[in-house]
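Novice: Count the sequence shown with the working numbering and you get residues 47 to 163, in order.
My structure is below; once you've seen it, I'll send some questions.
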Amino acid sequence: MSAARATDSSERRIQRRLPIRITVEYSDLEDFLTDYTANLSIGGMFIETEEPLGVGTRFRLRFTIPSRPAPIDTIAEVRWSQARTADSPLAPGMGVRFRELAPADREAVQNMLSQWV
Numbered sequence: 047m048s049a050a051r052a053t054d055s056s057e058r059r060i061q062r063r064l065p066i067r068i069t070v071e072y073s074d075l076e077d078f079l080t081d082y083t084a085n086l087s088i089g090g091m092f093i094e095t096e097e098p099l100g101v102g103t104r105f106r107l108r109f110t111i112p113s114r115p116a117p118i119d120t121i122a123e124v125r126w127s128q129a130r131t132a133d134s135p136l137a138p139g140m141g142v143r144f145r146e147l148a149p150a151d152r153e154a155v156q157n158m159l160s161q162w163v
């Protein structure tokens, strides 16, 4: 899959991101996949994966944050992707935006982010 990048860099970093390693589960057309997030914000996350979904793809995303035992289950959308290249030090993956984050889930993420200030 080729890397698709957002033309407006402000779209990629709207909110401050927290560097953290959290397991995330998400579905594509055929499977339920497990990868990791390298960073998290109130608006979305970067998911490290060798096979990013296409830009614009909406999918079910589930992840657990340390301060909360129940997983957060939401809908996300791929905003940009980064393929692995020999000359890039960046991890392959995709930047996703939360499309539907329940108020209680949003509060839990915000509380975790505020503790890492």
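The beta carbon of each residue, even a glycine, is placed where N, CA and C say it ideally should be.
These numbers were taken from a predicted model, which means no experiment stands behind them.
Pull up the CB-CB distance for D151 and T110, whole angstroms please, since I reckon it's below 8 Å.
Specialist: Numbered from its first residue, the sequence shown carries residue 151 at position 105. Numbered from its first residue, the sequence shown carries residue 110 at position 64. Not quite, the Cβ-Cβ distance comes to about 11 Å (not below 8 Å), so this is no contact.
Novice: Quick one: is S160 buried, meaning 16 or more other Cβ sit within 10 Å of its Cβ, or exposed?
Specialist: Position 114 of the sequence shown, counting from 1, holds the residue named residue 160. Flag for S160 reads exposed.
Novice: Using only the heavy atoms of the ligand GTP, determine whether one of them is closer than 6 Å to the beta carbon of F109.
Specialist: This structure lacks the ligand GTP; in fact it carries no ligand of any kind.
Novice: Going straight from the alpha carbon of V101 to that of G141, what length do you get?
Specialist: Against the sequence shown, residue 101 aligns to sequence position 55. Against the sequence shown, residue 141 aligns to sequence position 95. Their backbone Cα atoms lie some 9 Å apart in a straight line.
Novice: From S127 to A154, what does the alpha carbon distance come to, in whole angstroms?
Specialist: Taking the sequence shown and counting its residues from 1, one reaches residue 127 at position 81. Taking the sequence shown and counting its residues from 1, one reaches residue 154 at position 108. Roughly 26 Å between the two C-alpha positions.
Novice: Measure how close the beta-carbons of R130 and P138 come, nearest whole angstrom, since I'm counting them as under 8 Å.
Specialist: As a working note, residue 130 is residue 84 in the sequence shown. As a working note, residue 138 is residue 92 in the sequence shown. With 8 Å as the limit, R130 and P138 qualify as a contact, their Cβ atoms being about 4 Å apart.
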